[in-house]
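Participant: Its first residue numbered 381, the sequence shown is counted upward by one per residue in our numbering.
Built from N, CA and C at the ideal position, the CB exists for glycine as well.
Let me begin by handing over the structure; questions about it come next.
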Amino acid sequence: MRLFLDTANIDDIRRCAAMGVVSGVTTNPTLLAKEGVEYRDRILEICEVVDGPISAEGVALTADELVEEGRRIASWHESVVVKVAMTEPGLEAISRLAAEGISTNCTLIFSANQVLLAARAGATFVSPFVGRLDDGGQDGMEMVREAVQILETFHLPAQVLAASLRHTRHVTEAALAGAHVATVPPAVLLQMVKHPLTDAGIERFLADSTNYSAV
Ligand code: G3P
C-alpha cells in the first residue's frame, strides 16, 4: 500500500517527504482554505517536493464545466490528478476526462456501489471516506474491503485510495483490507513512526553507549 499525504501544508509535506515514505498528496478545497495561498501556486509547490500523483479538486457543478476545469487543472503539471466528487455530472466528467487521458480521483465516496460506478467511469483512483462513515456509526473500513474485492473480481484498473483516515489503526486496517493507497494527515503519519518501546530502547542504548566509539 502506498502512502499519500492528505494536506496542503507545504512545511508538513517537506518534513514527511524527507523520510522517503510519501508517494503522493491529496488536497481538497477545505485543506487549501486553511493555507491562505493561491491554489495553483500551492499545487505546483507540492509537485516540486513530491514525485507522484498530486490530487487537486474541481468544484464546478455541471459535467461540461467540470471537464473544462479538469483540463485546466491537469495542465498545471504532469503529476496532477483531477479530483471529482461522486455525482452524476461528476461521473460524466470522469469518463470524458479519462477518454482524453486525464487521470482522475473520484472523491466523497461512501458506498461500494459508488466505487463500482467510479471505476466503470474510468477513475484512476476511487476514494472511500472511512472516518466520515465511522462518524455516523457505520464501519467505514468494510466499504474499503468491499471496494478492493469488487475491483479485483472484475479486474477493474481503478486504485482504492482509502481517505478520511483519522488514526494509525485506520492505516493498518486499510493495508490489511488491500487498499492500494492510504492518504493520511501528517500528524497520523508522524504518529506511525513512534512507539514508546522504540523511545525506551533508544534511551537505554544511549545510556549504555558511554564507551562506544563508532563515531
Ligand atoms: O481528502 C479528504 C479526506 O481525507 C477528508 O478527511 O477527516 O475531513 O473526513 P476528513
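So for G404, helix, strand or coil by DSSP?
Facilitator: strand
Participant: Mind checking whether V430 and V464 have CB atoms under 8 Å apart?
Facilitator: no
Participant: Does chain C have any CB closer than 8 Å to the CB of T552?
Facilitator: As a matter of chain content, chain C is missing from the structure shown, which is built from one protein chain.
Participant: Do you know offhand how far F534's Cα is from L570's?
Facilitator: Distance between the alpha carbons of F534 and L570 is about 36 Å.
Participant: Quick one, which of R422, L488 and A567 has its alpha-carbon nearest R512's?
Facilitator: L488
Participant: Buried or exposed: where does M399 fall if 16 or more other Cβ atoms within 10 Å of its Cβ makes it buried?
Facilitator: exposed
Participant: Quick one: is the Cβ of T484 within less than 7 Å of any heavy atom of ligand 1?
Facilitator: No, since every heavy atom of ligand 1 falls outside the 7 Å radius drawn around the Cβ of T484.
Participant: Between the alpha carbons of I453 and T563, how many angstroms are there, rounded?
Facilitator: Roughly 20 Å separates the two Cα atoms.
Participant: Count the C-beta pairs between the stretch 571-583 and the stretch 528-545 that are closer than 8 Å, then say yes if the count reaches three, no if not.
Facilitator: no
Participant: Could you tell me the alpha carbon to alpha carbon distance between G516 and L556, rounded to whole angstroms?
Facilitator: 23 Å
Participant: On the three-pair Cβ rule with 8 Å, is the stretch 381-395 touching the stretch 428-443?
Facilitator: Yes, the stretch 381-395 touches the stretch 428-443.
Participant: Between V524 and the rest of its own chain, which residues show a CB-CB distance below 7 Å, the 5 nearest in sequence each way excluded?
Facilitator: P508, V510, V540, A542, A554, A557 and A559
Participant: Starting from T504, trace the beta strand (DSSP E) both ways and give me its first and last residue.
Facilitator: Neither: T504 is in no beta strand (DSSP E) and is coded neither H nor E.
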